[in-house]
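Participant: I have a structure I would like to understand better, so I am pasting it below and will then ask my questions one at a time.
2 protein chains.
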Amino acid sequence: MSAYAALEARFRRLGLLSDAAAMLHWDWATMMPPGGAEARATQLAELSLIRHESLTDPRVCALLDEAETEAEADGDALDDWQRANLKGMRRRWREAAALPSDLVAALSEASSSCEMVWRAARPTNDFAAFAAAFAPLLALVREKAAALAQALDCAPYDALIESYEPGLRSATIDPLFDDLAGFLPEFVGAVREAQGAAGAPAPPLSAPAAAQQALARRLMTALGFDFERGRLDVSLHPFCGGAGGDIRITTRYDEDDALSALMAVLHETGHALYEAGLPEDWRYQPVGQACGMALHESQSLLIEMQACRSRPFTRFLAPLLEEYLGGTGDGMDAEALYRRAIHVEPGFIRVDADEVTYPAHVMLRYRLERALIAGDLVVDGIPGAWADIHDELLGIRPASHADGCLQDIHWSCGELGYFPSYTVGALMAAQFFDAAARDEPALWPAIERGDFAPLLGWLRARVHGLASRHEGPALLERATGRPLGTVVFKTHLQRRYLG
Amino acid sequence: MSAYAALEARFRRLGLLSDAAAMLHWDWATMMPPGGAEARATQLAELSLIRHESLTDPRVCALLDEAETEAEADGDALDDWQRANLKGMRRRWREAAALPSDLVAALSEASSSCEMVWRAARPTNDFAAFAAAFAPLLALVREKAAALAQALDCAPYDALIESYEPGLRSATIDPLFDDLAGFLPEFVGAVREAQGAAGAPAPPLSAPAAAQQALARRLMTALGFDFERGRLDVSLHPFCGGAGGDIRITTRYDEDDALSALMAVLHETGHALYEAGLPEDWRYQPVGQACGMALHESQSLLIEMQACRSRPFTRFLAPLLEEYLGGTGDGMDAEALYRRAIHVEPGFIRVDADEVTYPAHVMLRYRLERALIAGDLVVDGIPGAWADIHDELLGIRPASHADGCLQDIHWSCGELGYFPSYTVGALMAAQFFDAAARDEPALWPAIERGDFAPLLGWLRARVHGLASRHEGPALLERATGRPLGTVVFKTHLQRRYLG
Chain A
1 MSAYAALEAR FRRLGLLSDA AAMLHWDWAT MMPPGGAEAR ATQLAELSLI RHESLTDPRV
61 CALLDEAETE AEADGDALDD WQRANLKGMR RRWREAAALP SDLVAALSEA SSSCEMVWRA
121 ARPTNDFAAF AAAFAPLLAL VREKAAALAQ ALDCAPYDAL IESYEPGLRS ATIDPLFDDL
181 AGFLPEFVGA VREAQGAAGA PAPPLSAPAA AQQALARRLM TALGFDFERG RLDVSLHPFC
241 GGAGGDIRIT TRYDEDDALS ALMAVLHETG HALYEAGLPE DWRYQPVGQA CGMALHESQS
301 LLIEMQACRS RPFTRFLAPL LEEYLGGTGD GMDAEALYRR AIHVEPGFIR VDADEVTYPA
361 HVMLRYRLER ALIAGDLVVD GIPGAWADIH DELLGIRPAS HADGCLQDIH WSCGELGYFP
421 SYTVGALMAA QFFDAAARDE PALWPAIERG DFAPLLGWLR ARVHGLASRH EGPALLERAT
481 GRPLGTVVFK THLQRRYLG
Chain B
1001 MSAYAALEAR FRRLGLLSDA AAMLHWDWAT MMPPGGAEAR ATQLAELSLI RHESLTDPRV
1061 CALLDEAETE AEADGDALDD WQRANLKGMR RRWREAAALP SDLVAALSEA SSSCEMVWRA
1121 ARPTNDFAAF AAAFAPLLAL VREKAAALAQ ALDCAPYDAL IESYEPGLRS ATIDPLFDDL
1181 AGFLPEFVGA VREAQGAAGA PAPPLSAPAA AQQALARRLM TALGFDFERG RLDVSLHPFC
1241 GGAGGDIRIT TRYDEDDALS ALMAVLHETG HALYEAGLPE DWRYQPVGQA CGMALHESQS
1301 LLIEMQACRS RPFTRFLAPL LEEYLGGTGD GMDAEALYRR AIHVEPGFIR VDADEVTYPA
1361 HVMLRYRLER ALIAGDLVVD GIPGAWADIH DELLGIRPAS HADGCLQDIH WSCGELGYFP
1421 SYTVGALMAA QFFDAAARDE PALWPAIERG DFAPLLGWLR ARVHGLASRH EGPALLERAT
1481 GRPLGTVVFK THLQRRYLG
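For the record, the sequence lines run as chains A and B. For what it's worth, my numbering labels the leading residue of the first sequence as 1, then goes sequentially. For what it's worth, my numbering labels the leading residue of the second sequence as 1001, then goes sequentially.
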């Protein structure tokens, strides 16, 4: 067996262990009774430790050296996918080798227990309980960031970003975010003025959770989600989980605002379609995994923001709302729905934010994360700093922790460095959709009929099926002909909101 | 670290991997969409392989040798629990070391796919499909039995029994089953005559699945099941799964016969109470696991058959049936319920069988399994042999495979050698309950009030809390003062059915 083949066998095991852990995570968030949390945390920590031990086994480094030497000596030894796979293997090894086993185990245990504390603390607005669990977790995350930074020769916060979106750095993000920060405040004002002049949008639509769920399943099916290979369930924080062949998304139902859950479902379905479209032949290998979290987010935002918060989609949706949710009253025709779907209003909850104010929520977290990792902000200072920046960027201050720093699951899982992906993903989504609509003239008329096949076909060929064959920004440029930037996103906003 | 301590660390990992696999199995049977089966089978096979590799690592055998030598040289080196734990470790190692890794992996994959085929074949009565998947699995099970038999120096079928109930052999089972075979046919005839003279029992009770489920949860709570540490769900075949701190039972609802699902729930709750009562301190160690499958079954039968198919329990149940299931009509008072709960009628479905005819179902499978493992019966011969023995023991022949050899999940999972546990468990259940009622005079009056605390207290102290501290038959004798036999079971039957 060649060194490369031996590595594929090793990474197959790692991929299977990751998938098993992903299922246990899904169960945790959707099915597990509270008493199971401690044992589950221990199981997940052990799986994480086994993966880490297997990846940092000295034989892996030796095999990587050997396979890289072989590939360099013989240009035909590996094809392009295998070369990209080998690169991905080395990257994973480098990250893992930088972290000692006991740190990995401690991080896994601390994030599992912090997540459980967060689940209890959020509804009771109990920041003190959260802080007590988060402070030791943050200390471990900082330790991890420092170790990774040394191995990758970059700043600690950049090392965390790298682990979510390979190749992405603060130096790339800063000019993009600066540009948006310069553009958005004035733009939000102009949109608010225009929308205010047009009168208040229709009030939120009430509907029982069961009816919302039935409609959600109908929409997922239209989008191309295969219920023979996936599920829709309920969790506190919507997410896309599961593993190859069995993609599981979740949402939460607000019986006073049906559109909120439906839009969350459309968003997670975008993630799910990406996962379902990854190449089966490479399922357990690094090159077969999703590219990165910004690219992942681009796929959910492409579905939710680009495709579905549009006039063609609301024309498809309006009769379904009546069919599934019953008597809809005034203002639930397609145009009223559209106005509601693109209504811009600064608020407190990131996942409920419109696409115009969303970047402010991300920039807020980006600034706080950098300060937390740099040691310039302590845990107890989060609520105050949060409120100040929220006020600065959006002109309002949250009145509760639940509306502030307790709203997101990420930090409680030790996931710092993830948030910038959301806005980088929004920029990518605009570029991908723009290119797809240019390449497929039938795309919009099809969406108006509830037919997503033209869009999904384009995505499968240009994005999903390529998995990690290229890094995210390179894949974006190949698919769209443009490097990552803010121009297409801003043009999209101007057309939709002031067009 | 002592050799013994190093072994405990190793077995902790094995225990955690088993628990993770148990959760993935539960998900398979309750939540997983069909498209996930192939990937899930691969995940489970890999977890199984990792456990096997870790257990058969040459260091484990060396550590066992060393720990045993230390324990022998220094009588105070290990306490009684640790000694029993060390014995359990050696037994697991011996079984694992007898099986080559590729056989373990092949068994796991073949049983996962056969189980999926069975799930599809049972409702469509498709024996040919099942046979095609079962034949290669059986070949692997026979290979496993032969390898274990050589390592344990016993017959191949005995080696399989040993893996489910340590210490149990055909030589123990045969005289017990022979005794029952001599007693039961005449007894069934006498009971049928007496019950026939008393007139037909009340007809089955119809109720929507949701109402049955609500009542099932009410009864589980009365029995001592903690929904903060467990769940009730639906699966094709009722089972008790999950892992420490998170015990998950399942049932299936027949809307035309509410008592069927409720009794299945009571049965699985008995299993769940045993699992929940195992000592937390030994959670991941061999000595902390359930004793064996016969003892496990004794706990479910003790709850279902001994405690709940009784007049005191039906007096507790009758008003709840009315409360949860609505208008009950004639014959749903406590006495009519009791008559229905102890109604004896030879039938085809093992899990629906009354306790008097149940042993016949087990003896049937016991005979066929022995023949399959010995090579005296081929897969295609199962339906014919099944019908012949069914006719001989119960006087009726199944008209479909679904009513015959496709009814059980066990063989499709490669579980041969398990079935005798059911009837050995029934004998144990009678002995345990008899001793508990003797030790706790308040036991029956409490059950009539729906208070299971006296019974559960006795079981926790004498059975659950001891886990695998002793082998099953020894534990039975310590708790009840009697060795395993048929006398108490037969006395119970005579009192209940002809008393």
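Ideal placement from N, C-alpha and C gives every residue a C-beta, glycine not left out.
(1) If the cut is a Cβ gap below 8 Å, which residues of chain A does B/Gln1285 touch?
(2) Indicate the three-state DSSP secondary structure (helix, strand or coil) for A/Val378 in the structure shown.
(3) For A/Ala20 and chain B, any beta-carbon pair shorter than 8 Å?
(4) So which residues of chain A does B/Asp1027 contact, with C-beta pairs closer than 7 Å?
(5) If we cut at 8 Å on Cβ distances, does B/Leu1511 have a partner in chain A?
(6) Would A/Leu47 count as contacting chain B if we go by Cβ distances under 8 Å?
(7) I'd like to confirm the pairing. Which residues does DSSP put opposite B/Arg1248 in its beta bridges?
(8) Using only the alpha-carbon positions, how far apart do A/Pro33 and A/Gln82 sit?
(9) Any beta-carbon of chain A closer than 8 Å to the one on B/Gln1043?
(10) When the Cα atoms are used, what is the spatial distance from B/Gly1189 to B/Gly1395?
(11) At the level of alpha carbons, what is the spacing between B/Pro1383 and B/Asp1057?
(12) Mind listing the chain A neighbours of B/Gly1035? Cutoff is C-beta to C-beta under 8 Å, in chain order.
(13) Could you tell me which whole beta strand (DSSP E) segments of length 3 or greater appear in the segment 1019-1099 of chain B?
(14) Just to confirm the assignment, what range does the alpha helix (DSSP H) spanning B/Gly1298 have?
(15) Ends of the alpha helix (DSSP H) at B/Val1265?
(16) Closest Cβ-Cβ distance between B/Ala1190 and chain A: below 8 Å?
(17) At a Cβ threshold of 8 Å, is B/Glu1038 touching chain A?
(18) Just to confirm my understanding: we take B/Gly1242, look at its own chain, exclude 5 residues before and 5 after, and list those with CB closer than 7 Å. What are they?
(19) For A/Leu140, I'd like the list of residues in its chain whose CB is within less than 6 Å of its CB, leaving aside the five on either flank, ordered along the chain.
(20) Evaluate A/Phe419 with the Cβ neighbour count: other Cβ atoms within 10 Å of its Cβ, from every protein chain shown; 16 or more gives buried, anything less gives exposed.
(21) Can you tell me whether DSSP reads A/Ile342 as helix, strand or coil?
(22) Distance, Cα to Cα, B/Leu1302 vs B/Leu1337?
(23) Counting only runs that start and end within the segment 139-188 of chain A, where is the alpha helix (DSSP H) found for 4 or more residues in a row?
(24) Does any CB atom of chain A fall closer than 8 Å to the CB of B/Met979?
(25) Less than 8 Å between the CB atoms is what I'm expecting for A/Glu268 and A/Cys240, so what's the real figure, rounded?
(26) Taking Cβ positions only, does B/Met1031 come closer than 8 Å to chain A?
(27) Taking 8 Å as the CB-CB limit, is A/Thr94 close to chain B?
(28) Is the number of C-beta pairs between the segment 1066-1079 of chain B and the segment 1441-1458 of chain B that are closer than 8 Å three or more?
(29) Is the beta carbon of A/Ala436 less than 8 Å from the beta carbon of A/Leu443?
(30) Output yes if chain B places a C-beta closer than 8 Å to the C-beta of A/Arg218; else output no.
(31) In whole angstroms, what is the alpha-carbon distance linking B/His1470 and A/Ser260?
(32) Taking any Cβ of chain A, which residues in the segment 1338-1362 of chain B have a Cβ under 7 Å from it, in chain order?
(33) So which residues on chain B does A/Arg13 lean against when the C-beta distance must stay under 8 Å?
(34) Do B/Val1378 and B/Thr1357 count as a contact pair if the criterion is CB distance below 8 Å?
(35) On the criterion of 16 or more Cβ atoms from any shown chain inside 10 Å, does A/Glu369 qualify as buried, or is it exposed?
(36) Between A/Ala467, A/Arg252, A/Arg40, which lies nearest to A/Gln212 when the distance is taken from Cα to Cα?
Facilitator: From the atom records:
(1) Per Cβ cutoff of 8 Å: no residues; B/Gln1285 is ~14 Å from chain A at best.
(2) coil
(3) yes
(4) Met23, Asp27
(5) Only positions 1001 to 1499 of chain B appear in the structure, and residue 1511 of chain B is not among them; the question remains open.
(6) yes
(7) B/Arg1231, B/Gly1241
(8) 43 Å
(9) yes
(10) 11 Å
(11) 42 Å
(12) Asp226, Glu228, Arg229, Gly230, Gly245, Asp246
(13) none
(14) It should be noted that the sequence gives Ser, not Gly, for residue 1298 of chain B. 1293-1301 is the span of the alpha helix (DSSP H), which, as asked, contains B/Ser1298.
(15) 1258-1277
(16) no
(17) yes
(18) Ala1022, Met1023, Trp1026, Gly1230, Arg1248
(19) Ala106, Leu107, Ala110
(20) buried
(21) coil
(22) 19 Å
(23) 156-164
(24) No information on residue 979 of chain B is available, as it lies outside the stretch 1001 to 1499 that chain B covers here.
(25) 5 Å
(26) yes
(27) The sequence given here places Arg at residue 94 of chain A; Thr does not occur at that position. With 8 Å as the cut-off, A/Arg94 does not count as an interface residue toward chain B.
(28) no
(29) yes
(30) no
(31) 57 Å
(32) none
(33) Glu1046, Ile1050
(34) no
(35) buried
(36) A/Arg252
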